[in-house]
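Chemist:
Residue numbers (our numbering): 282 to 362.
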């Protein structure tokens, strides 16, 4: 019985929350918002670069292949003259 009463008192004391007398100015909120925007932009840029990397590589390979074909055509046409 004493254990039950002690446990109830402990729960009541632990559950009581006094109101906090604190002030958070507008600068703190602005800092949090700007940090969040920075993190979102960094993640977005990383995603764009990871997706864009294979696309740029593919375009470079196409350009190189076209340049090689053009060079081969020029050597064939010059050797026929």
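A virtual CB, placed ideally from N, CA and C, is assigned to each residue, including glycine.
For clarity, every value in this text was computed on a predicted model and none was experimentally measured.
Once DSSP output is grouped into helix, strand and coil, what is the label at residue 306?
Modeler: Taking the first residue of the chain shown as position 1, residue 306 is located at position 25. Three-state result, residue 306: coil.
Chemist: Please report how far the alpha carbon of residue 287 lies from the alpha carbon of residue 300, in whole angstroms.
Modeler: Taking the chain shown and counting its residues from 1, one reaches residue 287 at position 6. Taking the chain shown and counting its residues from 1, one reaches residue 300 at position 19. Distance between the alpha carbons of residue 287 and residue 300 is about 25 Å.
Chemist: Just how far apart, CA to CA, sit residue 306 and residue 330?
Modeler: Here the question's residue 306 lines up with position 25 in the chain shown. Here the question's residue 330 lines up with position 49 in the chain shown. Each residue's Cα considered, the two are about 37 Å apart.
Chemist: Go to residue 282, then tell me how far its alpha helix (DSSP H) extends in each direction, as first and last residue.
Modeler: On the chain shown, position 1 is the one that residue 282 refers to. Here residue 282 belongs to no alpha helix (DSSP H), and DSSP marks it neither H nor E.
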